[in-house]
Amino acid sequence: MRVDAINVYHVAMPLLYPWRTAYGEDVAIDSLLVQMESDGICGWGEATPFARPEYSAEWAQGAFSLIRDYFGPYVLGTEISTAAELQTGLARFKGNYFAKAALDTAWWNLQSKRQNTPLYKLLGGTSNVVPIGADFGIMDSIEALLQAISDAVEAGFTRVKLKFCRGWELEVVREVRRSFPCLRTHVDCNGSYTLEDIDMFRALDSLDLEMIEQPLAYDDLVEHAKLQQSLLTPICLDEGVVSVRQLKQAIELGSCQYLNIKPGRVGGLTCAREMHDICKAANIRCWVGGNLESGVGASVAVALGTLENFTYPADIFPPGRFYQEDLASPPVKFGKDDAGQPVAIPSDVCECPPEPDGHRLGRLTVEKAHVG
Ligand code: MG
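Position in the sequence shown (first residue = 1) + 83 = the working numbering.
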């Protein structure tokens, strides 16, 4: 296909309540939406690097400028037959995976429409539902967290993820394990610890967690390997793996036993799928993560989650969990499987995938640009 036009939007989506992690507090999620057009057909993509370069070195305003000034003009008018061709072309630009992901996911959704094939089938997905988990940021009290987890268990969730940082750590996890001993539980440290915290990690190791997500620095693989050797609990990398090369190095070093794959962080679906395949061959377990994307990005994550090596419930959230109103319409579909476990359901043939609602997009747009 030849790319005839690209529209890029920087949006700020207000949250129902602040999202608190080791990085700080967000009251809105800054995201990028890209509309790619070819032969009169449009596909949408999304990537959510957040407002400030705290989760990664990227941020929404910077990624917006990159697409408007460099990536968009480079792709415009180009014949792109495969997603690999798009990635090869963009590889001349270093890093900046979120900006690339916004274009990559738009290409995949456009290709899905052109071929009249659901995105999950185009990716090679083998499941028609994706089990999802429940996530909890840092809360005002342990009691409030226990109540929220109790509500999630009542709703059928079988795994929870707890944000974890200094001041909200061992005591919180011990209380959760005591109250819900059978619930699959893991913690996400967002890279806020060092090897000097080994005693704390050894204490955490005794709490029978599914995994410890990104305990050490975002750009480290070697110290994660050292920590993994000291612990029985699997380490999961998130921020620490943004490219296939890094993943291969992490596997060689023994830095992780789990990988959280977020299409936005790794440059889009093309790389996410390749990472899934590499992990499968190396016996590394995978799960789909997210950055509180709108329904556009969430539907991409659902399609990815239908691949066979995604064996741990995904971070994909039902409408109303974080936003009063989703930017996209129709909403991502959710349901329950036969065991009562909440699942997300991929868009199927003849269904329009979630795309930005024009009115809401206008209201939430910070800046927009047309490349064409
Ligand atoms: Mg994480």
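Yeah, the Cβ is synthetic: ideal placement off N, Cα and C, and Gly gets one too.
- [ ] For Glu-391, count neighbouring C-beta atoms within 10 Å of its own C-beta (all shown protein chains included) and say buried if the count is 16 or more, exposed if not.
- [x] exposed
Task: Distance cut-off 6 angstroms: Asp-271 Cβ against heavy atoms of ligand 1 - done: yes
- [ ] Compute the minimum distance between the beta carbon of Asp-113 and the heavy atoms of ligand 1, and state whether it is under 6 angstroms.
- [x] No.
TODO: Give the DSSP-derived three-state secondary structure of Gly-388 in the structure shown.
DONE: Assignment of Gly-388 by DSSP, reduced to helix, strand and coil, places it in the helix class.
Task: Three-way DSSP call (helix, strand, coil) for Cys-265 in this model - done: coil
Task: C-beta contact flag for Arg-242 and Pro-396 at 7 angstroms - done: yes
Open item on the list: Less than 7 angstroms between C-beta atoms, sequence neighbours within five positions excluded: which residues of the same chain meet that for Gly-220?
Closed with: Trp-102, Arg-103, Thr-104 and Lys-246
Task: Heavy atom of ligand 1 within 6 angstroms of Asp-398 beta-carbon - done: No, Cβ of Asp-398 sits at least 6 angstroms from all heavy atoms of ligand 1.
Open item on the list: I'd like to check one pair, Ala-365 with Ile-334: are the Cβ atoms closer than 7 angstroms?
Closed with: Cβ distance < 7 angstroms, so Ile-334 and Ala-365 count as in contact.
Open item on the list: Taking the straight line between their C-alpha atoms, what separation do you get for Gly-337 and Gln-311?
Closed with: Their backbone Cα atoms lie some 7 angstroms apart in a straight line.
Open item on the list: Just to confirm, is the Cβ distance from Leu-116 to Phe-405 under 7 angstroms?
Closed with: no
Task: Enclosing beta strand (DSSP E) for Pro-425 [first to last residue] - done: 425-428
- [ ] Going by CA-CA distance only, name the one from Arg-197, Ile-163 and Val-327 that's closest to Asp-187.
- [x] Ile-163
Task: Cross-strand partners of Val-243 (DSSP beta bridge) - done: Ala-217 and Thr-268
Task: Contacting residues, own chain, Cβ-Cβ under 7 angstroms from Gly-239 (five flanking each side not counted) - done: Lys-419, Gly-423, Gln-424 and Pro-425
Task: Strand pairing of Asp-393, partner residues [DSSP] - done: What sits at residue 393 in the sequence shown is Phe, not Asp. Its beta-bridge partners are Cys-369.
Open item on the list: Can you check which of these residues, Cys-265, Asp-303, Leu-229 and Ala-235, is closest to Glu-254 by C-alpha distance?
Closed with: Of Cys-265, Asp-303, Leu-229 and Ala-235, the residue nearest in Cα terms is Leu-229.
Task: CB contact flag (Asp-280, Glu-296, <7 angstroms) - done: no
TODO: Could you tell me whether any non-hydrogen atom of ligand 1 is closer than 6 angstroms to the CB of Glu-457?
DONE: Residue 457 is absent from the structure shown; the chain starts at 84 and stops at 455.
Open item on the list: Does Leu-206 come out as helix, strand or coil in the three-state DSSP assignment?
Closed with: helix
Task: Selection from Asp-291, Val-383, Gly-274 and Ala-286 that minimises the alpha carbon distance to Gly-107 - done: Gly-274
Task: Cα-Cα separation, Tyr-341 to Cys-319 - done: 4 angstroms
- [ ] Compare the beta carbon distance of Ile-399 and Cys-369 with 7 angstroms and say whether it is the shorter of the two.
- [x] no
TODO: With a threshold of 6 angstroms, establish whether the CB of Asp-302 neighbours any heavy atom of ligand 1.
DONE: no
TODO: Please check the pair Leu-206 and Ala-411, which I expect to be a contact at CB under 8 angstroms, by giving their CB distance rounded to whole angstroms.
DONE: Contact doesn't hold; Cβ gap of about 19 angstroms is too wide.
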